[in-house]
Amino acid sequence: GAVVSQHPSRVICKSGTSVKIECRSLDFQATTMFWYRQFPKQSLMLMATSNEGSKATYEQGVEKDKFLINHASLTLSTLTVTSAHPEDSSFYICSASSWGDTDTQYFGPGTRLTVL
Amino acid sequence: GDSVTQMEGPVTLSEEAFLTINCTYTATGYPSLFWYVQYPGEGLQLLLKATKADDKGSNKGFEATYRKETTSFHLEKGSVQVSDSAVYFCALSDVEGGSYIPTFGRGTSLIVHP
Chain V
6 GAVVSQHPSR
16 VICKSGTSVK
26 IECRSLDFQA
36 TTMFWYRQFP
46 KQSLMLMATS
56 NEGSKATYEQ
66 GVEKDKFLIN
76 HASLTLSTLT
86 VTSAHPEDSS
96 FYICSASSWG
106 DTDTQYFGPG
116 TRLTVL
Chain A
16 GDSVTQMEGP
26 VTLSEEAFLT
36 INCTYTATGY
46 PSLFWYVQYP
56 GEGLQLLLKA
66 TKADDKGSNK
76 GFEATYRKET
86 TSFHLEKGSV
96 QVSDSAVYFC
106 ALSDVEGGSY
116 IPTFGRGTSL
126 IVHP
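Line by line, the protein sequences give chains V and A. Residue numbers for the first sequence follow my numbering, so the first one is 6 and each next one is one higher. Residue numbers for the second sequence follow my numbering, so the first one is 16 and each next one is one higher.
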């Protein structure tokens, strides 16, 4: 149980285009979903926290207009990187917590974004 | 704010060696504590957790005990295998504004040689 999927697993795009990443909780309803960016040498940066039907809460220093987060249902959250540039290239990971286990996060497999 | 500090890696061991990865935390509340593992090219997987003082989390031969007096949650395994090579993240989850908010350490890379 507690499986989270992400799609796509890898994406390559041209500079200036927008990319959407989906995060789904497959076998549970997610109270909260989180989006992370992982930098080289492991460091995991929390970008934002989202609850179904409400606006995401962004961490300090994360541009809301650049990283659009939509949490339309209890099983789906999307991250859209708008007007992507090479410096946005990174490994993006989502996680979700469930009603019955709110302190624990279950992670998706991650999405490798490369912006040319 | 809350923080998690874990030992820098990489930690390099021979197969069947004893493993300890140190983790200490600071928190304003009474957090739950976690260890997550990340294999190359993958997302993080929950390895074990503990929710209150003196609780011991265990899974796949790994153990960690919630020590409130020393604010620590060190990860141990008696005999590591090559397949344990991965990055290990210590984390806490504390209530903030009515929701659980996570805080992660920077991760410790473990390399196990045959």
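Cβ coordinates follow ideal geometry from the N, Cα and C atoms, glycine included.
Sequence-distant partners of Ala106(A) (beyond 5 residues in either direction) whose C-beta falls short of 8 Å from its own C-beta, in its chain, are Val19, Leu48, Phe49, Trp50, Tyr51, Pro117, Thr118, Phe119 and Gly120. Taken atom to atom, the span from the alpha-carbon of Leu121(V) to that of Pro91(V) is near 6 Å. Within the same chain, and ignoring the five residues on either side of Pro25(A) in sequence, the residues whose Cβ sits closer than 6 Å to its Cβ are Ser124 and Ile126. Per DSSP, reduced to three states, the secondary structure at Asp108(V) is strand.
Among the residues of chain V, none has a CB under 7 Å from the CB of Ser29(A); the nearest is roughly 23 Å distant. Among the CB atoms of chain A, one or more fall inside 7 Å of the CB of Phe112(V). C-alpha of Ser10(V) to C-alpha of Gly58(A): approximately 10 Å in a straight line. Taking the beta carbon of Gln60(A) as reference, the chain V residues within 8 Å of it are Phe112, listed in sequence order. The beta carbon of Ser20(V) sits closer than 7 Å to those of Ala89, His90, Pro91, Val120 and Leu121, all from its chain and outside the five residues before and after it, given in chain order.
Nearest in C-alpha terms to Ile98(V), of all of Ser59(V), Arg29(V), Gly66(V) and Ser23(V), is Arg29(V).
Neighbourhood of Ser102(V) in chain A, by CB distance below 7 Å: Tyr115, in chain order. Here Ala42(A) is not near Asp70(A), since their CB atoms are 7 Å or more apart.
Bounds of the beta strand (DSSP E) holding Gly72(A) are Lys71 to Asn74. The C-beta distance from Lys64(A) to Thr109(V) rounds to 6 Å, short enough to fall under 8 Å.
At a cut-off of 7 Å, the C-beta of Gly122(A) has a neighbouring C-beta in chain V.
Chain-ordered, the chain V residues with CB closer than 9 Å to the CB of Lys64(A) read Asp108 and Thr109.
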